[in-house]
Each structure stands twice: as C-alpha cells, then as structure tokens.
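Asks: Residue numbering for the sequence shown follows my numbering, starting at 20 and increasing by one per position. Take a look at the following structure, please.
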Amino acid sequence: AVVSTQSTGVVYPGLVITENSEETQYYSKTPEAMDIKVEHSVHSRELQITGTQRTMRGTLVSSNGTVIKRFTSTERADRLSLDEIIYASGMGGLDALSDSPNGNNKAFRRKGCVLIVTLFYANVFGSVFGTSPLEYTYTVERVPYTPHRVEEVVP
C-alpha cells in the first residue's frame, strides 16, 4: 500500500484508492495478475551434475500435488503469475479471510501473507545409459498466522 497524507485528486489506473479523514491509501488493483520471472540453476560437484531451467523440464504443483503448470526447456526464464503461486499454496486467493492474530476479519489482500516457494531438483537413476535429464518442481506453502504488509509513505 502506498499511503499519502493528502489527496491529490489524480486518478491512477490500476490502483484502488481508499480515503478517510486522515489519509488516502492506494493499493494495487490486481496484484495477482502480476508475473514473476524466475531463472535458476543447480550444481553438484559430488554428483557431477549441472543444469539451468533453460535446459530442464519443470512443474508448479499445488499443495495437494496437482500439476498447475508445466515448463519446458527454453531460452527464457520461467514465468509464474502471482495468481498461480497463490493457487499452488492452497490459501484460496487474496480475498479469503486472513488467519493472522490481528486479522480482524480482513482479507489477505489487506493483511498480506508470507508464501515460501521451494524448488526441488531430481534426476532418476536406473537407466543403462546413466541418469535421466534433470527436472525440477516448484512447491508453495503459506506460513500460517503470519501477516505481511509494506507501507510506503509518500510525502
């Protein structure tokens, strides 16, 4: 949220504006539509393997193991929308009620949350030709009872 102590009367596309007698607050209208680009790599000297997402296949899975998105080896970074990450966490969306101790029946959209995204790398042994190609899986979990909000004060 961006907080201003005075209203300018300017319309900002893509922002939700709330006002009270003391301050005006500006919120991103649809943060879940934002994309996050991820580039990653793995290296193990002991196993003699090295890889980057540009040479591997991968998946984003939900908290119950359902594949939400597949990634193929490409010359580009993985692109995940915040909505896909939220869905993978199993939290039900930003409009679900926050479980933070001071949530006061406010939604995650207002109170915030902490999500942990983990990458697991794997290659399966057992082929007479050696190991299979590296693959990776994104998993997401929400830290319960933990709000997170950043306010930026605009003079």
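Every residue gets a Cβ at the ideal spot worked out from N, C-alpha and C, and that includes glycine.
Whose C-beta lies closer than 7 Å to the C-beta of A115 among residues of the same chain, with five residues either side of it excluded?
Replies: A126 and F127, listed in sequence order.
Asks: Just grab the DSSP bridge partners of T156 for me.
Replies: Bridge partners of T156: T78 and F139.
Asks: Could you tell me whether the Cβ atoms of L134 and Y157 are closer together than 7 Å?
Replies: Cβ distance not < 7 Å, so L134 and Y157 don't count as in contact.
Asks: What do you get for Y106, buried or exposed, if any count of 16 or more other CB atoms within 10 angstroms of its CB means buried?
Replies: The residue is buried, with at least 16 neighbouring Cβ atoms inside 10 Å.
Asks: Over what stretch of residues does the beta strand (DSSP E) that includes L99 continue unbroken?
Replies: D97 to S100 is the extent of the beta strand (DSSP E) around L99.
Asks: Keeping to the same chain, check which residues put their C-beta closer than 8 Å to that of T69; ignore five residues upstream and five downstream.
Replies: If we look at T69 and ignore the five residues flanking it on each side, its Cβ neighbours are S60, V61, H62 and S63.
Asks: Could you spell out where the beta strand (DSSP E) holding K125 opens and where it closes?
Replies: Note, K125: premise wrong, no beta strand (DSSP E); not H, not E.
Asks: With DSSP as the reference, label K48 as helix, strand or coil.
Replies: Looking at K48 - three-state DSSP - the assignment turns out to be coil, as it is neither helix nor strand.
Asks: Rank R73, N123 and M53 by C-alpha distance to the C-alpha of R95 and give the top, closest one.
Replies: Among R73, N123 and M53, the Cα nearest to that of R95 is on R73.
Asks: What are the residues that DSSP puts in a beta bridge with D54?
Replies: The partner list for D54 (beta bridge, DSSP) reads S100.
Asks: So, helix, strand or coil for R168, using DSSP?
Replies: Note: R168 maps to coil in three-state DSSP.
Asks: Within its chain, find whatever has a CB closer than 8 Å to the CB of P163; leave out the 5 residues flanking it on each side and keep chain order.
Replies: Around P163: D118.
Asks: Give me whichever residues DSSP pairs with T71 in a beta bridge.
Replies: In the DSSP output, where bridge partners are listed per residue, T71 has S60.
Asks: How many angstroms separate the CA atom of D97 from the CA atom of I104?
Replies: For D97 and I104, the distance between alpha carbons rounds to 13 Å.
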